[in-house]
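Counting with my numbering, you get residues 2 to 265 for the letters of the sequence shown.
We put the CB at the ideal spot given by N, CA and C, even for glycine.
Here's the structure, in structure tokens; my notes come after.
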Amino acid sequence: MTVALLGFGWDKSSSYARGPALAPPIIRSLLFSDASSAYSLSGINVREVISAFNFPELPEDAADCRKVINDAVSEAIQSGAQPLSLGGDHSISYPILCALKQAYGPVNVLHIDAHPDLYDEFEGDRYSHACPFARAIETGCIANLVQVGIRSASPAQRAFGNRHGVVMLGADAVDQIPYAKLTAPLYITIDLDGLDPAFAPGVSHPEPGGLSTRDVLSIFSRLEAAPIGADVVELNPERDVNLATAMVAARLVKELLAMLYVKQ
Ligand code: MN
Ligand code: MN
Numbered sequence: 002m003t004v005a006l007l008g009f010g011w012d013k014s015s016s017y018a019r020g021p022a023l024a025p026p027i028i029r030s031l032l033f034s035d036a037s038s039a040y041s042l043s044g045i046n047v048r049e050v051i052s053a054f055n056f057p058e059l060p061e062d063a064a065d066c067r068k069v070i071n072d073a074v075s076e077a078i079q080s081g082a083q084p085l086s087l088g089g090d091h092s093i094s095y096p097i098l099c100a101l102k103q104a105y106g107p108v109n110v111l112h113i114d115a116h117p118d119l120y121d122e123f124e125g126d127r128y129s130h131a132c133p134f135a136r137a138i139e140t141g142c143i144a145n146l147v148q149v150g151i152r153s154a155s156p157a158q159r160a161f162g163n164r165h166g167v168v169m170l171g172a173d174a175v176d177q178i179p180y181a182k183l184t185a186p187l188y189i190t191i192d193l194d195g196l197d198p199a200f201a202p203g204v205s206h207p208e209p210g211g212l213s214t215r216d217v218l219s220i221f222s223r224l225e226a227a228p229i230g231a232d233v234v235e236l237n238p239e240r241d242v243n244l245a246t247a248m249v250a251a252r253l254v255k256e257l258l259a260m261l262y263v264k265q
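In structure tokens, the structure reads:
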């Protein structure tokens, strides 16, 4: 199975700073840049596993935008490709998970982030980038949710997580990840602010004390199930330094492309 690379440059559901709308074409260009090779750590030419690109124009209205995202992911799955989405802010994960639910039923989710994104609403918006996993749990899109790198969780989000069996691990608890919960169908969502700002400074909400790039790659290598989709979100090019965060995003996207590719 090949991979459809999707770009959703949406940042109007961000609570603080705009910028992630600019990220998808930057990550895409780094994937094809002569500055690094086309190969994943496992030796797969990741440029060759992409069978389709879809970076749609997004409407102004958030609900309309979620529909475009949902439809693009459904279309990729129906064409026989596995969807890898480039954000955009983290609000894009909710319509993606809705499309996955239609195809696979509830999925298990590995979620790398500094924040649980489990607010019931944020500044009056129930579809804010602070809320996607609350919506996804409520609508039955998620079976097990395992969050890693969390270091900015409000009491209300912790209570929501406890009520719904969410595993919420800090960046110091990588060795406690319950891999047995991350079985098929597995989805991976990477908010780049889950990494330490030393590795990924180009995000809207930097939280020191996070994961290293190596931590994330090691987590990938320990997953037992092959993912059926993934996203990499919250790159804010306006806050990046010498493309440092964009290059981390491209590295992680390369590894995810290799993981999503299934040899026929
Ligand atoms: Mn997030
Ligand atoms: Mn975050």
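Euclidean distance between Cα positions of residue i and residue j
i, j, result
"E208", "G195", "8 angstroms"
"I70", "I97", "7 angstroms"
"L183", "A63", "30 angstroms"
"N46", "Y40", "4 angstroms"
"I138", "Y128", "13 angstroms"
"L6", "H206", "25 angstroms"
"V167", "Q148", "8 angstroms"
"P238", "G141", "33 angstroms"
"T214", "V249", "7 angstroms"
"R223", "F123", "34 angstroms"
"G125", "A157", "15 angstroms"
"S153", "E256", "27 angstroms"
"V108", "L101", "8 angstroms"
"G10", "V254", "16 angstroms"
"A181", "E225", "8 angstroms"
"E61", "R240", "23 angstroms"
"R48", "V234", "20 angstroms"
"R159", "S15", "21 angstroms"
"K68", "Y95", "11 angstroms"
"P198", "Q79", "38 angstroms"
"M169", "F161", "11 angstroms"
Residue range of the unbroken beta strand (DSSP E) whose run includes residue i
i, result
"S86", "83–88"
"F9", "4–9"
"P228", "228–234"
"A266", "There is no way to answer for residue 266, as the model of the chain reaches only from 2 to 265."
"A157", "Note, A157: premise wrong, no beta strand (DSSP E); alpha helix (DSSP H) at 156–164."
"F191", "According to the sequence shown, residue 191 is Ile rather than Phe. It spans 187–192 - the beta strand (DSSP E) in which I191 sits, taken as one unbroken run."
"V110", "108–113"
"I51", "51–55"
"V168", "168–170"
Nearest-angstrom Cβ-Cβ length linking residue i and residue j, presumed shorter than 8 angstroms
i, j, result
"D118", "H130", "7 angstroms"
"D232", "I178", "At roughly 19 angstroms, the Cβ-Cβ gap does not stay under 8 angstroms, so D232 and I178 are not in contact."
"Y188", "G150", "That belief does not hold up - the Cβ atoms of Y188 and G150 are roughly 17 angstroms apart, past 8 angstroms."
"G133", "S92", "Reading off the sequence shown, one finds Pro at residue 133, where the question assumed Gly. The Cβ separation is near 6 angstroms, so the contact holds."
"A172", "G211", "5 angstroms"
"L31", "A247", "6 angstroms"
"A22", "N55", "Their Cβ separation, rounded to whole angstroms, is 16 angstroms, which puts A22 and N55 out of contact at 8 angstroms."
"L103", "S75", "Note on residue identity: the sequence assigns Gln, not Leu, to residue 103. Indeed, because the Cβ distance is near 6 angstroms, the residues count as touching under 8 angstroms."
CA nearest to the CA of residue i, picked from the options
i, options, result
"G8", "Y262, L236, R240", "L236"
"L146", "R136, S153, A77", "R136"
"V4", "L59, T214, S219, P84", "P84"
"P25", "S16, D12, A18, D35", "D12"
"K264", "P156, V149, G81, A39", "G81"
"I143", "L111, S213, A115", "L111"
"C66", "G88, S219, A115", "G88"
"F200", "D216, A104, A227", "D216"
"N243", "F161, L261, P202, L218", "P202"
"C99", "A251, L170, A73, D197", "A73"
"D176", "I220, V204, F161", "I220"
"R19", "D90, A227, G162", "D90"
"A115", "S14, M260, V204", "V204"
"A251", "S37, L170, G162", "S37"
"R29", "R159, I51, S15", "I51"
"A53", "N163, L23, L42, M2", "M2"
"Y262", "S16, Y17, S15, S43", "S43"
"L218", "P198, I113, G162", "I113"
"L193", "S34, A245, M260", "A245"
Proximity test, Cβ basis, 8 angstroms: residue i and chain B
i, result
"G166", "The structure shown contains no chain B, having only a single protein chain."
N-terminal and C-terminal residue of the alpha helix (DSSP H) that residue i is part of
i, result
"T140", "Counting along the chain, T140 falls outside any alpha helix (DSSP H), and DSSP gives it neither H nor E."
"L32", "24–32"
"L98", "94–105"
"T214", "214–223"
"D72", "63–79"
Checklist entry - Around ligand 1, which residues pass a check of Cβ closer than 7 angstroms to any of its heavy atoms? => result H91, D114, H116, D118, H130, D192, D194, V234, E235
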